[in-house]
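Novice: Residue numbers (my numbering): 811 to 1179. Note that beta-carbon positions come from the ideal geometry of N, C-alpha and C, so glycine has one too. Predicted model only: the values in this text are computed from it and were never measured. I have a structure I would like to understand better, so I am pasting it below and will then ask my questions one at a time.
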């Protein structure tokens, strides 16, 4: 394979699955001897990106406004100067900027244009740009079905499903946190000692399933099971009212001693290791659902609604954790079963980070041969 120059573009490099995937592909490109460049508005992950061998070009490609179109000309000039082999757009505003810059270049002198559809975006001409790649990467079969159902101009043979992957080195089976972390965890949350810990990760927002999780904890407590629910995730400023609503609901049901809201945490791997079951109860289907896979990787059971990307992950990796969407009776029964008879996931060989990276680089290679 010849040495490639690949430009990835996304809004910013702060936190999140898209950002993590960008760094992972950058790292894989560098390891394979290619040149990796990222265009974004910057952020706290830039230092890591550059330390791992990629280059970063900072441009304001993040704003959802017509003013962002002013970046089309600078990006076109960059493409003309750098002459990359691939431009890989991972989000809608940067994709519009990159596509408008790309299409005005001479056809004989253009890089190949790739997009990744990371989410089940609102269906609109604005979102349609994510289907304009010569190759369109879908992060699950759920996403591929969404594209085919909503964007008739995007043929199936242009779409390639490449699941997000998890590193067994980062999430090793049987992982245990440090003694220092454990001591601090027990000091901060003494109410968890001696309890079966049930964890719902996800930011505080109405569609992530916090209300259903409260229902679940109430029913399990009602069966005299020694459970404690932990909701891990922060609430943005505009979600503070919903956070207050959840807190009032917990109090009204007399569950203050049985439910803990941790707020935003950066130590989800450690928390998963101290959880007996992790849940995914999103009302809208997840495009992929990486946290469920991370929990399974370290050996923690996952129970989730059998829809979207999480349903695909469970079907592939832990089918005993799949529950019919919105079937609270089945959710409670499955929880009781796993509490009383734990069924730990085996070491994972599916959906690896290595496979994700190899498959993505293979897409690049197929376009440049």
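Please work out which residues of its chain come closer than 8 angstroms, Cβ to Cβ, to residue 813, disregarding the five sequence neighbours upstream and downstream, and give them in chain order.
Specialist: So the qualifying residues of the chain are 843, 844 and 845.
Novice: Which one or two residues does DSSP pair with residue 1041 in a beta bridge?
Specialist: Partner(s): 1010 and 1071.
Novice: From residue 1118 to residue 894, what distance separates their C-alpha atoms?
Specialist: Residue 1118 and residue 894: Cα-Cα distance of roughly 35 angstroms.
Novice: Which residue from 937, 1061, 1046 and 1086 puts its Cα closest to that of residue 1004?
Specialist: Answer by Cα proximity: 1086.
Novice: Rounded C-beta distance between residue 918 and residue 946? I'm assuming under 8 angstroms.
Specialist: Between residue 946 and residue 918 the Cβ distance is about 23 angstroms, and since that is not below 8 angstroms, they are no contact.
Novice: Kindly indicate the opening and closing residues of the alpha helix (DSSP H) around residue 1115.
Specialist: Note, residue 1115: premise wrong, no alpha helix (DSSP H); beta strand (DSSP E) at 1112 to 1115.
Novice: Taking the CB atoms as reference points, tell me whether residue 833 and residue 973 lie closer together than 8 angstroms.
Specialist: No, these two residues do not count as a Cβ contact at 8 angstroms.
Novice: I'd like the ranges of any beta strand (DSSP E) spanning at least 3 consecutive residues and lying wholly in the stretch 851 to 923.
Specialist: Runs of the beta strand (DSSP E) inside the stretch 851 to 923: 865 to 868 and 896 to 899.
Novice: Would you identify the three-state DSSP class for residue 1151, choosing helix, strand or coil?
Specialist: Of the three classes helix, strand and coil, the one that applies to residue 1151 here is coil, per DSSP.
Novice: What did DSSP end up calling residue 1088 once you bin it into helix, strand or coil?
Specialist: Here residue 1088 sits in strand by DSSP.
Novice: Rounded to the nearest angstrom, how far is the Cβ of residue 816 from that of residue 1174, given a contact under 8 angstroms?
Specialist: About 6 angstroms separates the two Cβ atoms, so the contact holds.
Novice: Kindly indicate the opening and closing residues of the alpha helix (DSSP H) around residue 1057.
Specialist: It spans 1050 to 1062 - the alpha helix (DSSP H) in which residue 1057 sits, taken as one unbroken run.
Novice: My output table needs one value for residue 948: the three-state DSSP class, helix, strand or coil.
Specialist: Correct three-state label for residue 948: strand.
Novice: Please report how far the alpha carbon of residue 825 lies from the alpha carbon of residue 1120, in whole angstroms.
Specialist: Using only the alpha carbons, I get a separation of about 21 angstroms.
Novice: From residue 875 to residue 913, what distance separates their C-alpha atoms?
Specialist: Rounded to the nearest angstrom, the two C-alpha atoms are 21 angstroms apart.
Novice: Taking DSSP as the reference, what is the three-state secondary structure of residue 1020?
Specialist: Three-state result, residue 1020: helix.
Novice: Check for me: the alpha helix (DSSP H) holding residue 1120 runs from which residue to which?
Specialist: Taken as a continuous stretch (DSSP letters only), the alpha helix (DSSP H) holding residue 1120 covers 1118 to 1127.
Novice: Report the rounded CA-to-CA distance for residue 859 versus residue 866, giving the unit in angstroms.
Specialist: So the two alpha carbons sit approximately 8 angstroms from each other.
Novice: Just verifying my parser: in three-state terms, what is the DSSP assignment at residue 970?
Specialist: Residue 970: strand per DSSP, three-state reduction.
Novice: How far does the alpha helix (DSSP H) with residue 828 in it reach, from first residue to last?
Specialist: Unbroken alpha helix (DSSP H) run through residue 828: 827 to 841.
Novice: Using only the alpha-carbon positions, how far apart do residue 909 and residue 892 sit?
Specialist: Spanning the two alpha carbons is a distance of roughly 16 angstroms.
Novice: What does a CB cutoff of less than 7 angstroms around residue 828 pick up in its chain, not counting 5 residues either side in sequence?
Specialist: Around residue 828: 820, 900, 901 and 928.
Novice: Identify, in the order they occur along the chain, each residue of the same chain with its Cβ nearer than 6 angstroms to the Cβ of residue 1144, setting aside the five sequence neighbours on each side.
Specialist: Closer than 6 angstroms at the Cβ level, and outside the excluded window around residue 1144, lie 1113 and 1133.
Novice: To which residues does DSSP link residue 848 through a beta bridge?
Specialist: Paired residues: 818 and 866.
Novice: Using 8 angstroms for Cβ pairs, my map puts residue 1081 next to residue 1101. What's the rounded Cβ distance?
Specialist: Rounded, the Cβ-Cβ distance is 10 angstroms, inconsistent with contact.
Novice: Taking the alpha-carbon positions, what's the residue 1147 to residue 1131 distance?
Specialist: Answer to the nearest angstrom: the Cα atoms are 10 angstroms apart.
Novice: Excluding sequence positions up to five away, which residues of its chain have a Cβ less than 7 angstroms from the Cβ of residue 969?
Specialist: The residues are 946, 948, 954 and 957.
Novice: Just to confirm, are residue 1000 and residue 1043 a CB contact at a threshold of 8 angstroms?
Specialist: Not a contact, by the Cβ cut-off of 8 angstroms.
Novice: Name the residue from 1169, 1163 and 889 whose alpha carbon lies nearest to the alpha carbon of residue 977.
Specialist: Of the candidates 1169, 1163 and 889, the one whose C-alpha sits nearest the C-alpha of residue 977 is 1163.
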